[in-house]
């Protein structure tokens, strides 16, 4: 049986729902957990969608993401040789961690560019006390640069030294994720939303 009280409750719920939607539209923000695709990472502060969330308060400067034509979440970094576009695999908000890979399946090439480019407000997620020497090679048998542990021989890495030319060396603990897992882990220190996230609160510019 429909009563006046039931109608009143439904009316209030509709008004509240419309009010919330109105707030989102006025603020230009998509809401707490937007996704580019059904399997994509949840996008919320400090990240924002570059083309859809118009207000600066939706995110933090430098945390702009975009959705690709195939509904993949992407982030872009500048470099002297052109923009570096990486696919965002996941975002762990309580720990300030961003997992990225190369949508073109040539992560070593992009990693080499990132080493020579500003990636602020992010940094490579390094393991203190566990830094290793690596060598970057160009091998005629591969379209991508090859990264190998400098302490291993090319034969140990399954490479033919005749087909490879050394280009440079670097020291890092991040490179192992590129070698073994085909992803990079980036981190950020500001804004630090860890406390808000771990308390189940929505992070914003006041965190």
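Residue numbers (the numbering used here): 373 to 579.
Glycine is no exception: its CB is placed at the ideal position from the N, C-alpha and C atoms.
Residue i - containing alpha helix (DSSP H), residue span
i	result
residue 469	Residue 469 -> not in any alpha helix (DSSP H); beta strand (DSSP E) instead, spanning 469-473.
residue 481	479-487
residue 492	Residue 492 -> no alpha helix (DSSP H), and no H or E assigned at all.
Cβ distance (whole Å) where residue i is taken to contact residue j below 8 angstroms
i	j	result
residue 503	residue 540	Incorrect: roughly 16 angstroms between the Cβ atoms, too far for contact.
residue 543	residue 497	In fact, because the Cβ distance is near 15 angstroms, the residues do not count as touching under 8 angstroms.
residue 420	residue 434	10 angstroms between Cβ atoms; not a contact.
residue 456	residue 489	7 angstroms
residue 536	residue 511	4 angstroms
Rounded straight-line distance, which links the Cα of residue j to that of residue i
i	j	result
residue 533	residue 521	14 angstroms
residue 556	residue 549	6 angstroms
residue 465	residue 565	7 angstroms
residue 447	residue 483	14 angstroms
residue 513	residue 575	48 angstroms
residue 475	residue 523	30 angstroms
residue 438	residue 453	21 angstroms
6 angstroms CB neighbourhood of residue i in its chain, flanking five on each side removed
i	result
residue 409	443
Cutoff 8 angstroms; reference residue i; Cβ partners in own chain excluding five residues on either side
i	result
residue 407	413, 414, 415 and 445
residue 495	558, 559, 560 and 561
Limits of the beta strand (DSSP E) - the one that residue i falls within
i	result
residue 462	456-464
residue 439	436-439
*So does the region 455-471 actually touch the region 514-523, counting three or more Cβ pairs closer than 8 angstroms?*
No, they do not touch.
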